[in-house]
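Residue numbers (this note's numbering): 4 to 477.
Glycine included, every Cβ here is placed at the ideal spot set by N, Cα and C.
Report on the following structure.
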């Protein structure tokens, strides 16, 4: 997979807008002196800071999604040296809390569980929640009603999708293709599923799937967005290539759903899974979902035929008969508290078009890369995230230069130390071993001012690190 060089010119940005910059932060004790923030007395101002801050303000002022930011809890008490609230750029790991969730769950606990108790399965709609919440997610991933069911974890749904897909594949299939850059759990599950079905697993780079698929391929399990680099894979093209060879397409949407249009129905995707705690803001451990193409639902055989997916669950029949439609994707009793928290969280999407989210996502990541190029000394990081909008998700991944040195604390990789310091200064992202800094941009609540401040603090932290002559710091 090719990586983008340093910081290529970013594509033209829409004339859009921001917010005034945050007040200066005091010197961090025990660290080398680093460049300050615009207007901080006694400290130098980074080159171009006023211009970038002004541009952020313009972009935020023209942002059609700016009002949606108020639907989230954005003002936690800071626990770092500055008095500023955090810039939160980790929504690609855990989304922020939508404001309506706490009251909804309080009502579920106090009234539906506390007073109605067992009656809530019917009177409060608990029993139908997996399909009802699935129908709320469906428009965000380009699916019609009755094609998405919510429940279980992402890994469990991958297992259901892969085994179910192999069972629908033609006889004579001998292999499952797996995205060679996949999130580890996907690979673990695929290999286990292959062992159980007597097939082999073959890792293939997503861009090579069209060339590598054969008539013996049952299906390919592919990540829509690479979790390390933020690269967006070609869902329409890969799906078409798989179908042309007679194979099924199974997509992992964890890093794309809620960040960009997916188009499952339009591109005839067979099966898809995704989590709900990232860009969908469903909360820690929120249940995942399973999509089954409508024309395949009658043929789908779940490897986990639980009582909740039975045609007549309360008949307690010892013989299993699958339910009709998407309910075949259910397994056991739904996790009602987290499921209803997710349902409340999805109300933050009311009136929001996923196309507008995509437009802002690209503008945010363009602007952040522009600010990084302005604030970070040359050669200290390089972008792993494609400059081409057609190949970019909603995160920016930066690789730290091996020439940078830092004091080692317990063997922590340099990127880990850099991210720890960013978080201490109020910029929350994450890192992936060994050298990748990840910044997730969630258009519903991330502002352009957030992007500018994050790049500026990153410049301060990286600018304070010395370089070594060759090799990685020891």
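Burial check for residue 76: the Cβ neighbour count within 10 Å stays below 16, so the residue is exposed. Put simply, of 469, 279 and 363 the residue whose alpha carbon is nearest the alpha carbon of residue 263 is 363. In the displayed model, residue 73 falls within a helix according to three-state DSSP. In the displayed model, residue 386 falls within a strand according to three-state DSSP.
The alpha-carbon of residue 270 is positioned some 14 Å away from that of residue 256. Cα atoms of residue 406 and residue 309: separation of roughly 54 Å, rounded to the nearest angstrom.
DSSP places residue 131 outside both helix and strand once states are collapsed to three, so it counts as coil. Residue 235 holds the alpha-carbon nearest to the alpha-carbon of residue 400 among 235, 307 and 318. Residue 284 and residue 442 have their alpha carbons spaced roughly 16 Å apart. Check the Cα spacing between residue 201 and each of 186, 390, 212 and 179: the tightest is with 179.
Under DSSP, residue 313 forms a beta bridge with 325.
Of all alpha-carbon atoms in 452, 336 and 230, the one lying nearest the alpha-carbon of residue 57 is that of 452. Under the three-state reduction of DSSP output, residue 403 falls in the strand class.
With contacts defined by Cβ atoms closer than 8 Å, residue 152 and residue 361 do not form a contacting pair. The shortest CA-to-CA distance from residue 185 to any of 172, 212, 194 and 230 is the one to 230. Rounded to whole angstroms, the separation of the alpha carbons of residue 317 and residue 211 is 48 Å. Its Cα nearest to that of residue 349, the residue 135 stands out among 149, 117, 135 and 300.
Counting every other CB atom within 10 Å of its CB across the protein chains shown gives residue 314 a total below 16, marking it as exposed. Where residue 239 is concerned, the enclosing alpha helix (DSSP H) starts and stops at 238-247. In the structure shown, residue 198 falls within a helical segment according to DSSP collapsed to helix, strand and coil. Secondary structure note for residue 161: its alpha helix (DSSP H) is the uninterrupted segment 157-171. If you look at residue 180, you'll find it in the beta strand (DSSP E) that goes 178-182. Straight-line measurement puts the Cα of residue 103 at about 11 Å from the Cα of residue 343. Here residue 265 is near residue 145, since their CB atoms are less than 8 Å apart. Classified as buried, residue 273 has 16 or more neighbouring CB atoms from the shown chains inside 10 Å of its CB. Residue environment: residue 122 is assigned as exposed (fewer than 16 neighbouring CB atoms within 10 Å of its CB, all protein chains considered). For residue 357, the uninterrupted alpha helix (DSSP H) run begins and ends at 357-378, by DSSP.
If you look at residue 144, you'll find it isn't in any alpha helix (DSSP H); DSSP assigns it neither H nor E. A Cβ-Cβ contact shorter than 8 Å links residue 424 with residue 464.
Linking residue 170 to residue 372 through their CA atoms gives a straight-line distance of about 45 Å. With 16 or more other CB atoms across the displayed protein chains lying within 10 angstroms of its CB, residue 275 is buried.
In this structure, the beta-carbon distance from residue 294 to residue 267 falls below 8 Å. The beta-carbon separation of residue 330 and residue 305, rounded to 10 Å, does not stay under the 8 Å limit for a contact.
Linking residue 288 to residue 307 through their CA atoms gives a straight-line distance of about 20 Å. Distance from the Cα of residue 224 is smallest, within the candidate group 238, 214, 218 and 232, for 238.
Counting every other CB atom within 10 Å of its CB across the protein chains shown gives residue 323 a total below 16, marking it as exposed.
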